[in-house]
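Novice: Residue numbers (this note's numbering), protein chains in the order written: chain A, 1 to 254; chain B, 1 to 100.
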């Protein structure tokens, strides 16, 4: 069975960077800050590469919606083993107001155009923590979804997905085509070493625009302000248990 | 000439290590200076077997770095996004020693 898998990747501020809020409170400082592929997307890419190694998938494509710099992230995906990449180029001002719904529309259109069988996305992006794109894409395509996947197996014509949910693990069987989202324990992503990055330069990278896909990027949200979380208040020391109780009573806590 | 090949191998190892050094927790400069120092210290070695051993050691270091980067990322993500559910086994007060 020759499946085509599409993986969405996002270029985000590196997970190890201490993020700082811009003085005008419109966002977070991203200029000159180290960026890399979203960790959950790395797990998604690794899963696609493993599916290809197991001969479950025969073509694996990486997609990214973003400004020109997103191509670096696509190169990393290609270096990890993806066959080809598609870059949906979004100009910076539109990218600033882009939301998961817009990405989901782009992915849905690409999935239909390229006749994709499985879409694997990262569970959430570490910069916006939306956790919406996979679910929205499944909704737009009317495909079954296996989100928070910690194990993906193929059983005949179905996908058996083990999901990590609050109560433990849930196993679902999905008909193809389907949308999946990768959770932390799905696999251990490989590191894209320099020789692989060099080889990736020869792999095809298609460019598209939102107009090509017929997607309207008009913002549906308006960011009112972005602020630091409140700083932790210093604690107070009490002399003994009696004082603790009287203080708590005074605060109305007990 | 075998010497030219070995030279190429050593240079590639050095380039690959520097590329990996960009993600080093203590910074690229720290990593680059130390790598340069180690390579310079060994630049006069002639014995091909010894050179091969050192190249293999370099590759071992690369694998150690990959493991370091993966573990650091995994542990950060785990601490940031997941919490160990504390099982409630009795009505007595919970032990505040939660393992993260």
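No residue lacks a Cβ here, since even glycine has one placed at the ideal position from N, Cα and C.
1. Which residues in the same chain as residue 254(A) place their Cβ atom closer than 6 Å to its Cβ, once the five residues preceding and following it in sequence are excluded?
2. Quick check: residue 73(B) and residue 39(A), are their CB atoms within less than 9 Å of each other?
3. Roughly how many whole angstroms lie between the Cα atoms of residue 129(A) and residue 80(B)?
4. Helix, strand or coil for residue 96(B)? Go by DSSP, reduced to three states.
5. Buried or exposed, going by whether 16 or more other CB atoms sit within 10 Å of the CB of residue 258(A)?
6. So, residue 88(A) versus residue 116(A), is the Cβ gap smaller than 9 Å?
7. Compute the distance between the beta-carbons of residue 17(A) and residue 48(A), then report whether it is under 9 Å.
8. Just curious, the alpha helix (DSSP H) that residue 15(B) is in, first and last residue?
9. Candidates 106(A), 209(A), 20(A): which alpha carbon is nearest residue 229(A)'s?
10. With distances taken between CB atoms, is the gap from residue 123(A) to residue 182(A) smaller than 9 Å?
11. Quick check on residue 36(A): does DSSP put it in helix, strand or coil?
12. If you follow the beta strand (DSSP E) that residue 168(A) is in, where does it begin and where does it stop?
13. What do you get for residue 215(A), buried or exposed, if any count of 16 or more other CB atoms within 10 angstroms of its CB means buried?
14. Whole angstroms are fine: how far does the CA of residue 148(A) sit from the CA of residue 170(A)?
15. So, are the CB atoms of residue 151(A) and residue 162(A) less than 9 Å apart?
16. Hey, is the segment 70-77 of chain A in contact with the segment 199-209 of chain A, meaning 3+ C-beta pairs nearer than 8 Å?
Specialist: Taking the geometry as given:
1. 248
2. yes
3. So the two alpha carbons sit approximately 11 Å from each other.
4. Note that residue 96(B) scores a pLDDT of 48, beneath 50, so its modelled location is shaky; the value from the coordinates is reported in the next line. Note: residue 96(B) maps to coil in three-state DSSP.
5. Because chain A spans 1 through 254 in this model, residue 258(A) falls outside it and cannot be assessed.
6. No, these two residues do not count as a Cβ contact at 9 Å.
7. Not a contact, by the Cβ cut-off of 9 Å.
8. 2-20
9. 20(A)
10. Note that the C-beta distance between residue 123(A) and residue 182(A) is below 9 Å.
11. strand
12. 168-175
13. buried
14. Straight-line measurement puts the Cα of residue 148(A) at about 10 Å from the Cα of residue 170(A).
15. Yes, Cβ-Cβ distance for residue 151(A) and residue 162(A) is below 9 Å.
16. yes
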